[in-house]
Structure formats: structure tokens, C-alpha cells
Amino acid sequence: MRRIIRNRILISVIALGLLNFALYTFFYWYFQGDASNGFIREGEFFLKGHFLRVPDGQASEAVSRGVWIYSYLHSITIWPTAGAVVIAMLILSRPHIIATINSDSFFDGRLLVNGCLLVVAAVSVISMAIFVFNFWQALEAIRVGQDFGL
Numbered sequence: 009m010r011r012i013i014r015n016r017i018l019i020s021v022i023a024l025g026l027l028n029f030a031l032y033t034f035f036y037w038y039f040q041g042d043a044s045n046g047f048i049r050e051g052e053f054f055l056k057g058h059f060l061r062v063p064d065g066q067a068s069e070a071v072s073r074g075v076w077i078y079s080y081l082h083s084i085t086i087w088p089t090a091g092a093v094v095i096a097m098l099i100l101s102r103p104h105i106i107a108t109i110n111s112d113s114f115f116d117g118r119l120l121v122n123g124c125l126l127v128v129a130a131v132s133v134i135s136m137a138i139f140v141f142n143f144w145q146a147l148e149a150i151r152v153g154q155d156f157g158l
């Protein structure tokens with residue numbers, strides 16, 4: 009793949025990732041929290057936000073099931089989005105990092121970049137998996153009519 013095409017793809021990944029984060033932040037503000045911090049009580053769905061309204065966070069007014077599910081799904085997308093943005097930035101900056109670190113250093117630039125790529129990918133995947141598992145538990149609680157997240 010030609011470098012210019014690769015760089016355009018990577019810049020597009022960064023732009024889309026930042027757009028997703030901006031949308032998530034807007035909806036977090038608009039709904040006063042998100043479902044991953046919220047709960048379900050007696051068939052009603054509540055969002056909760058950290059440090060919104062009061063230092064400990066406060067639950068929102070009840071929201072619809074659709075808003076709650078959308079909010080949870082959007083929370084899940086933040087992990088792979090953040091990972092993709094950081095990975096794209098590392099790939100774009102890789103030549104500069106490699107050129108900056110001397111060959112007589114404790115480790116070379118390629119090792120640093122590849123190590124960072126591995127850590128970012130692992131943290132993103134593991135974090136997303138935890139959110140997906142918790143979302144699955146929430147859907148199961150909805151299915152059987154139980155409270156969740158209290």
C-alpha cells in the first residue's frame with residue numbers, strides 16, 4: 009500500500025474516532041450520564057454520570073429502554089475507538105520515534121512502538137470485553153425482569 013493512501017486511512021481513523029468520542033461526550037452530557045454507570049430498578053432504566061450534578065454522581069430521570077441500550081452500546085464503542093485512534097497515531101509517528109531513539113539505547117524505537125501497540129490493543133480489547141460481558145448481563149436481567157446495577 010502506498011504511504012499516502014495508508015496515511016489518509018490512518019487520519020480518517022483518527023477523525024472518526026474523535027467524532028465518536030465527541031458524540032459520546034455530547035450524549036453523556038445531554039442525558040446526564042450513561043447506562044454503563046446506570047442501573048435498572050423495577051423495570052425503569054436510569055443513567056448515571058460521574059461528577060455530574062454532585063461529586064458522587066446522581067442518577068438521571070428514568071429513560072426509555074432504547075435510550076438505555078443505545079447509551080450502553082455507545083459506551084462499549086469507546087474502548088475500540090480509543091484504541092484505534094492511539095494505534096493510528098503510533099503508526100503515523102513510528103518513523104519519527106524510531107529515528108529519535110538511538111541504536112545504542114537500552115531498547116530501540118521499533119521495540120517501543122511495537123510494545124505500545126501491543127499494550128494499547130490488549131487494553132482496548134480486554135476493556136471492551138468487560139463492557140460487553142456486563143451489557144450481556146444487563147440484557148439478561150432485562151429479559152427476566154430483574155433489577156441490575158444497584
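Remember, this note's numbering sits 8 above the position in the sequence shown when you count from 1.
Ideal placement from N, C-alpha and C gives every residue a C-beta, glycine not left out.
Just to check my reading of the structure: residue i and residue j have Cβ atoms closer than 8 angstroms, yes? What is that Cβ distance to the nearest angstrom?
i	j	result
Asp116	Glu50	Not really, about 59 angstroms apart at Cβ, beyond 8 angstroms.
In whole angstroms, what is the alpha-carbon distance linking residue i and residue j?
i	j	result
Ser79	Val128	24 angstroms
Arg14	Ser135	27 angstroms
Asp42	Ile19	28 angstroms
Ile105	Ala23	22 angstroms
Glu69	Ile95	37 angstroms
Gly46	Leu27	24 angstroms
If I follow the unbroken beta strand (DSSP E) through residue i, where does it start and stop?
i	result
Phe29	Run containing Phe29: none in the beta strand (DSSP E); it sits in the alpha helix (DSSP H), Arg11 to Phe39.
Ile48	Asp42 to Arg49
Gly57	Glu52 to Gly57
I need the boundaries of the alpha helix (DSSP H) containing residue i, first residue and last residue.
i	result
Gly74	Arg73 to Thr108
Ala146	Gly117 to Val152
Indicate the three-state DSSP secondary structure (helix, strand or coil) for residue i in the structure shown.
i	result
Ala70	coil
Phe156	strand
Cβ contact check for the segment 26 to 36 and the segment 80 to 90: 3 or more pairs under 8 angstroms: In short, these stretches touch, since the Cβ pair count reaches three.
Cβ pair count under 8 angstroms reaching 3, the segment 85 to 94 against the segment 129 to 140: As far as the Cβ criterion goes, the segment 85 to 94 touches the segment 129 to 140, which means the pair count is three or higher.
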